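Asks: Chains as they are written, first to last, in this note's numbering: chain A, 1 to 684; chain B, 1001 to 1564.
Glycine residues also receive a C-beta, built at the ideal position from the N, C-alpha and C atoms.
Predicted, not measured: the structure shown is a model, and the values here were computed from it.
Below: one structure in structure tokens.
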């Protein structure tokens, strides 16, 4: 748990490079396989291009007087390339996701399971034969055959295959650590597991389904965008088809191949060809974060959230109180206090005790007694103190009341300066620990919840994007407010109970806000189900994992912030390429129209702003540009457009400038360049 | 341009822009049934209407019922008008004893007035009786505009309401739009026009003997009342054949200014009405800025083009002014061009100059104004709902770029909304290009043009554009009164009207039912110059570019052949 995220990213980045190189060969093969009309019909725009390519190929056999066969064949070829490039983009995106899923799946091939029968005896079956509700027994050294819930036993499980975390984790029945994932290895003891998913529904299967083009469910926004692209395609189909009767009306005729070229350049092929790849790559980014989404819908919703509800412990703070300062009692030097606090904590194995030792070792170079030279005194429920005895001297530390009882003082007897300090620590949400040696009060240790480094900056980034963060904690309002101020969250839900959490989510939703949260306990399940985006921890309960629409395999609640970024990047990429694609049409018009009508109205040559060499080279250049731009944009589609922390207005201005204005300008340069090349190479 | 040209332009913008905020709030109050200063007078009339019709004003309708009521009302209006036009020879108030119209012409005319198009394949004084003018045409002039207004407020409510199953009551909206929205303004304008010399009489046409001894027939009639509503209701159907170029329809410089201003007075005001519905006038300003920008781009191009000397005469030593052929010399080039730009930007269609005689670029501006779907001010109600569709398309296209599912004023745009938007995107291409291409491919109908080459093509293209856009103006020279064109253009008008209205109402219903997301720093900004620019580009790219190849064959080719 709490694996630092940068490490994850670094690990995947290096894998990425090698993987891409190995991916493009199979992707090329896939590009041809995907010419299958059944697959093409998932992308109507590309289906239209494929049909046009087919018609153009046939037209090459019946040459038109206005178009040389060489050019006709080239146009037909480039139309096919347009389809192939789009297929290639999808295959490449799929390949990246599948490579990871395959490696995970490899282990589960031929896995056997010991299934319990009605009479209590066991039979050995293939893991793939297990159904929901089956109970299996797994022994140390064996693989867990499927996703399930521990109903008996306690064991250490190595989940490295899924999470990449090599340290085994404990799984036991009941409580919040009862869920297990298929294809992970038991390293000790035994478990009785109730299987919770049928074949094809496991975490792994879901992971694969998200990144496989043919099986993938389109997300709601993708469906809406698809409809718009179909609409635009229809509009341009009408434009092109009616052009011939109009041309006849004014006494001319247009070469059919040129009309085909006009159609393909006008319809939004760039976004149409890359839409699927963008979707798959978006899911793949999530998978690489080690988060599994139940559906793509949740990922889009993540981009839309207004409010993040974050548990304090583990997300905002490290979860353990740590020593942050010491304050000496009157008449005690800091060194005396430091030495006393260090000695009183030497034998304390709790995280708090260790943090005190660590803090003081950095501060002063004390000579510490060797292990045999002192007598450790452990914490007990009666004394509520811990420390060591060195010879006759008894060093102790503990809660204020416990230490006062030990030294035989009343609250009122505490020196005023020290009492003030204790009060201040409590006020700020920290915990004061008193330190004493024998009957002498040395001072107070300030323990506090330490906010994770960098979290404040991330919240600030989210705020710029208009996302509010609400810290959820069981602490009292005072403590909660202090930590909230330090972490920079926008709001606090203190003394939170599952009911309060649920009520808060409903209230936010009633105000028109989308809420994301993460949780792991069984009592988080209703809130996880209510939230628009609910992320469960993989090491949490099965109930939570069922209720959530995402599961984080690393069980790192901070991931929620990354998921929001992934959702936003997915939407921005789609929008940017749509805008770019439509803006491209301006230049294409100026390239094709003068060429198209050259025979009827030579005066339209005045619209040839790019001074393209000839009608044939103009049309060919536009088609080539149209095909190549898909290839050029594949890296962007796969990587996704980066979403900066900025307000909607700033994001819009910036992206409009790049993809809108860029979309108008780039093709002018691109088409001109291709025209020069085509003519230099004497291809027309 | 002379100083009086500039004075005309300034006066025009003053009379349409200055009252707009006030008038816009008035329309909001009226349509939402709030008390206004007219309530004491018109309130009893309104209530009497409901009692007579058996409408309970408190009963709200869902979008389906709203649409059904609208369709039923429009169908009834069509049947009535069609009947009157067919049978006018046997009906009273027909001092000229004009016979009934031929069936396809009557059908075309009836569709034309019901759809707020006012395409006229006939000449008013020669073929329509006073009864047909008043009972048939003028009534439809009112209620077709009121229908547009009703659809607009239904859409406004759809955007503004949260999780609502209803959009209002069509009968109530229709009554209020007519009674408060149109009648008082028309009364004022009609009186002003009468003052300026427009006839308003039931007497027979006057027969006069000219100095040469020839007999002259001077047509008269109840013109002022109809002219007021044809301008204010963006109808455009002239009382006389040559429309507002006729000295009785448009006698003076002042009447010219009033009439051209009246074209977009209500459409401009309604932009503010929308702002009151969504409780955010910044939205209105952004939309209005976009409309104005498009209007100015088109208008400036047209003005520049019309003030160019005739290139054919440049070689000969002739002193040239701006070409006046086809323009009413009383109003000059600027007065004519202003009217042309305004009448095509709004879906009015009345004219004070002959569009056929315009320079190719001016003609193209007129066509583009219509081709983008009459959203630059546009028809009463119809212009703004068309514009809001473009707003939604712009939000959907660019909204993704802020990393959120597109939302307009808190309402998410999902598959259903996009489906309906796409349906409206197809209206103009189908109405103009598909029907136009059919007309162009048949030898008989294609012969209706009076010029060869690109200009002839412009005539045909203009006719179908005007029909589908529910504009109603024409390139003279196109012989539209044939059974084929009467029926085809009627079809174009129906597609152009109900192809928008039905998806818009469905959209309103779908939006009204949605929850509204909180507005904040991360919501898509739909106000301010950035959005105005985005909207402008969307209209030009999505609406305008569609027609560029077709325009290249007509006005573009004609213009370039003159220049080169």
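Of all Cβ atoms in chain A, is any one closer than 8 Å to the Cβ of residue 1523 of chain B?
Replies: yes
Asks: Is residue 1400 of chain B near the ligand NAD, in the sense that its beta carbon is under 7 Å from a heavy atom of that ligand?
Replies: With respect to the ligand NAD, the structure shown offers nothing to examine, as it has no ligands at all.
Asks: Anyone know if the C-beta pair for residue 577 of chain A and residue 274 of chain A falls short of 8 Å?
Replies: Yes. Within cutoff.
Asks: Between which two residues does the alpha helix (DSSP H) harbouring residue 1226 of chain B extend?
Replies: Looking at the DSSP string, the run of the alpha helix (DSSP H) that includes residue 1226 of chain B is 1223–1232.
Asks: Which ranges would you report for the beta strand (DSSP E) in the segment 1278–1358 of chain B if only whole runs of at least 3 residues count?
Replies: none
Asks: With DSSP as the reference, identify every bridge partner of residue 386 of chain A, one or two as the case may be.
Replies: A/397
Asks: Using a 10 Å radius around the Cβ and a threshold of 16 neighbouring Cβ atoms, would you call residue 36 of chain A buried or exposed?
Replies: exposed
Asks: Whole angstroms are fine: how far does the CA of residue 169 of chain A sit from the CA of residue 11 of chain A?
Replies: Because residue 11 of chain A carries a pLDDT of 41, less than 50, the predicted location of this residue cannot be relied on, and no value is offered for it.
Asks: Hey, does residue 242 of chain A have any beta-carbon neighbour from chain B nearer than 8 Å?
Replies: yes
Asks: Do you know offhand how far residue 1380 of chain B's Cα is from residue 1267 of chain B's?
Replies: Rounded to whole angstroms, residue 1380 of chain B to residue 1267 of chain B spans 5 Å at the Cα level.
Asks: What residues of chain A sit near residue 1427 of chain B, judged by a beta carbon separation below 7 Å?
Replies: Residues of chain A passing the Cβ test: none, with the nearest at roughly 10 Å.
Asks: When we look at the beta-carbon of residue 413 of chain A and count the other beta-carbons within 10 Å, is it buried (16 or more) or exposed?
Replies: exposed
Asks: Just grab the DSSP bridge partners of residue 1216 of chain B for me.
Replies: B/1208
Asks: What residues in the segment 639–651 of chain A bring their beta carbon closer than 7 Å to a beta carbon of chain B?
Replies: 643, 647, 648, 649 and 651
Asks: Quick one: complete alpha helix (DSSP H) runs, 4+ long, within the segment 1127–1161 of chain B?
Replies: 1139–1160
Asks: Can you check whether the C-beta of residue 1478 of chain B is within less than 8 Å of a C-beta belonging to chain A?
Replies: no
Asks: In whole angstroms, what is the alpha-carbon distance linking residue 336 of chain A and residue 364 of chain A?
Replies: 11 Å
Asks: Run through chain B and tell me which residues come within less than 9 Å of residue 383 of chain A, C-beta to C-beta.
Replies: In chain order: nothing, as chain B lies at least about 53 Å away.
Asks: Nearest-angstrom Cα distance between residue 1118 of chain B and residue 664 of chain A?
Replies: 39 Å
Asks: Taking residue 1457 of chain B as the query, report the chain A residues whose CB atoms sit under 9 Å from its CB, ordered along the chain.
Replies: The contacting residues are 246, 249 and 250.
Asks: With burial defined as no fewer than 16 other Cβ atoms inside 10 Å of the residue's Cβ, what is the status of residue 689 of chain A: buried or exposed?
Replies: No statement about residue 689 of chain A is possible, as the shown extent of chain A runs from 1 to 684 and does not include it.
Asks: To the nearest angstrom, how far is the alpha carbon of residue 83 of chain A from that of residue 30 of chain A?
Replies: 12 Å
Asks: Suppose you measure from the CA of residue 102 of chain A to the CA of residue 595 of chain A; what does that come to, to the nearest Å?
Replies: 50 Å
Asks: Can you give me the C-alpha to C-alpha distance between residue 485 of chain A and residue 1277 of chain B, rounded to a whole angstrom?
Replies: Between the alpha carbons of residue 485 of chain A and residue 1277 of chain B lies a distance of about 40 Å.
Asks: From residue 415 of chain A to residue 329 of chain A, what does the alpha carbon distance come to, in whole angstroms?
Replies: Inter-residue distance for residue 415 of chain A and residue 329 of chain A is about 7 Å (C-alpha atoms, whole angstroms).
Asks: Kindly indicate if chain A contains any beta-carbon less than 8 Å away from that of residue 1532 of chain B.
Replies: no
Asks: Touch check for the segment 524–535 of chain A and the segment 299–308 of chain A: three-plus C-beta pairs under 8 Å?
Replies: yes
Asks: Where do the ends of the alpha helix (DSSP H) carrying residue 248 of chain A lie?
Replies: 220–249
Asks: Just list the residues that DSSP pairs residue 1408 of chain B with in beta bridges.
Replies: DSSP lists B/1411 as the beta-bridge partner residues of residue 1408 of chain B.
Asks: Beta-carbon within less than 7 Å of residue 206 of chain A's beta-carbon, same chain only, minus the 5 sequence neighbours each way: which residues are those?
Replies: 292 and 294
Asks: Just to confirm the assignment, what range does the beta strand (DSSP E) spanning residue 514 of chain A have?
Replies: Note, residue 514 of chain A: premise wrong, no beta strand (DSSP E); not H, not E.
Asks: Could you please give the first and the last residue of the uninterrupted beta strand (DSSP E) stretch that includes residue 158 of chain A?
Replies: 154–158
Asks: Nearest-angstrom Cα distance between residue 1342 of chain B and residue 1461 of chain B?
Replies: Rounded to whole angstroms, the separation of the alpha carbons of residue 1461 of chain B and residue 1342 of chain B is 19 Å.
Asks: Whole angstroms is fine: what's the gap from residue 1479 of chain B's alpha carbon to residue 1466 of chain B's?
Replies: 14 Å
Asks: In or out: residue 1002 of chain B buried (at least 16 other Cβ within 10 Å) or exposed?
Replies: Classification for residue 1002 of chain B: exposed.
Asks: Going by C-alpha distance, which of A/153, A/503 and A/130 is nearest residue 139 of chain A?
Replies: Nearest of A/153, A/503 and A/130 to residue 139 of chain A, Cα basis: A/153.
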